[in-house]
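J.: First the structure, which I've put down as structure tokens, then a few questions once you've had a look.
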Amino acid sequence: VFCCVDNPHARLATTFLAGAYLKPLIDIGTRVAPTNSRSPVRPGLDIRLTIPGEACLACLGGLPQIDVSHFPSMNETTNPQMGPSRPLQDRASLASLNGIAMNLSVRLFEDFVCGKVPMSRWLQLDFSLDGIPSIRSEQGLGAIGCAVCKLTGHGDAAPQQFQPTVEEVSYWQFRLRSV
Numbered sequence: 267v268f269c270c271v272d273n274p275h276a277r278l279a280t281t282f283l284a285g286a287y288l289k290p291l292i293d294i295g296t297r298v299a300p301t302n303s304r305s306p307v308r309p310g311l312d313i314r315l316t317i318p319g320e321a322c323l324a325c326l327g328g329l330p331q332i333d334v335s336h337f338p339s340m341n342e343t344t345n346p347q348m349g350p351s352r353p354l355q356d357r358a359s360l361a362s363l364n365g366i367a368m369n370l371s372v373r374l375f376e377d378f379v380c381g382k383v384p385m386s387r388w389l390q391l392d393f394s395l396d397g398i399p400s401i402r403s404e405q406g407l408g409a410i411g412c413a414v415c416k417l418t419g420h421g422d423a424a425p426q427q428f429q430p431t432v433e434e435v436s437y438w439q440f441r442l443r444s445v
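In our numbering, each residue carries its 1-based index in the sequence shown increased by 266.
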């Protein structure tokens, strides 16, 4: 399963379904916006390969900004292609950055299929202020007792248990950020 969404709730649903049906997942995300109002724009990307039973997106880097208590309501301004309104810089992306992300994702997938990448992995590419890329790679070990991973392999029965899982993941991510 390949996931290229700009929404943490969609990422959670995708990692949940991939795990429930025992499908490897490659999640691709790019970013162009500055990390805060005073920092310059530094593009980067994240590619995560999750293998069911080993890690999900919640335990391999987390799902930023997820808050299940707030879903877009009918009175919010939404763009059908972009989801809830956000500042323009959050929606920006570069064709060249997206191309790098897709090519690295395909390469990671090829290595996974050939057995060169035996476990979940997180690739993170960042550009320095002078535009030089650097890449980091971390192996995923998964979180013991992760609410999403608990439903790995449950197939069609898993969606009935999904809502409590979403609440648990949000709770633990909030707790981890608070520490």
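All residues carry an ideal CB built from backbone N, CA and C; glycine is no exception.
Under three-state DSSP, which class holds residue 457?
T.: Nothing can be reported for residue 457: it is not among the residues displayed for the chain, which extend from 267 to 445.
J.: Cα separation between residue 383 and residue 373?
T.: What you label residue 383 is simply residue 117 of the sequence shown in a count that begins at 1. What you label residue 373 is simply residue 107 of the sequence shown in a count that begins at 1. Between residue 383 and residue 373, the C-alpha separation is close to 11 Å.
J.: Just mark residue 421 as buried or exposed, buried being the case when its beta carbon has 16 or more other beta carbons within 10 Å.
T.: For the purposes of this step, residue 421 is identified with residue 155 of the sequence shown, where counting begins at 1. It is exposed - the Cβ of residue 421 has fewer than 16 other Cβ atoms within 10 Å.
J.: Under 7 Å: does the beta carbon of residue 381 sit that close to some heavy atom of the ligand ATP?
T.: You won't find the ligand ATP in this model; it holds no ligand whatsoever.
J.: Could you work out which residue in 283, 297, 287 and 277 is closest to residue 360 when comparing CA atoms only?
T.: In the sequence shown, the residue the question calls residue 360 occupies position 94. With distances taken between Cα atoms, residue 360 lies closest to 297.
J.: Short check: CB of residue 388 to CB of residue 327, under 8 Å?
T.: Residue numbering aside, residue 388 sits at position 122 when the sequence shown is read from its first letter. Residue numbering aside, residue 327 sits at position 61 when the sequence shown is read from its first letter. Cβ atoms of residue 388 and residue 327: closer than 8 Å.
J.: Do residue 378 and residue 315 have their CB atoms nearer than 8 Å?
T.: Counting from 1 along the sequence shown, the entry for residue 378 is found at position 112. Counting from 1 along the sequence shown, the entry for residue 315 is found at position 49. Taking 8 Å as the Cβ cut-off, residue 378 and residue 315 qualify as a contacting pair.
J.: For residue 312, count neighbouring Cβ atoms within 10 angstroms of its own Cβ and tell me buried if that reaches 16, exposed if not.
T.: Walking along the sequence shown from the start, residue 312 turns up at place 46. Buried.
J.: Report yes if the C-beta distance between residue 279 and residue 267 is below 8 Å; otherwise report no.
T.: For the purposes of this step, residue 279 is identified with residue 13 of the sequence shown, where counting begins at 1. For the purposes of this step, residue 267 is identified with residue 1 of the sequence shown, where counting begins at 1. Against a cut-off of 8 Å, the Cβ pair of residue 267 and residue 279 comes out as no contact.
J.: Distance check for residue 281 and residue 427, CA to CA, integer angstroms please.
T.: As a first step, residue 427 must be located in the sequence shown, where it is residue number 161. As a first step, residue 281 must be located in the sequence shown, where it is residue number 15. Straight-line Cα distance between these residues: approximately 14 Å.
J.: With a cut-off of 8 Å on the beta carbons, I'd call residue 392 and residue 310 a contact; round off their distance for me.
T.: As a working mapping, residue 392 is identified with position 126 in the sequence shown. As a working mapping, residue 310 is identified with position 44 in the sequence shown. Correct: roughly 4 Å between the Cβ atoms.
J.: What residue from 274, 292 and 271 has the CA that sits closest to residue 375's CA?
T.: Locating residue 375 in the sequence shown gives position 109, counting from the first residue. Answer by Cα proximity: 292.
J.: Determine the burial state of residue 419: buried for a count of at least 16 other Cβ atoms within 10 Å of its Cβ, exposed for fewer.
T.: Locating residue 419 in the sequence shown gives position 153, where the first residue counts as 1. It counts as exposed.
J.: Does DSSP put residue 285 in a helix, a strand or coil?
T.: The residue you call residue 285 lines up with position 19 of the sequence shown. Note: residue 285 maps to helix in three-state DSSP.
J.: Considering only the alpha carbon of each residue, which of 425, 272 and 308 lies closest to residue 394?
T.: Position 128 of the sequence shown, counted from the first residue, corresponds to residue 394. Answer by Cα proximity: 308.
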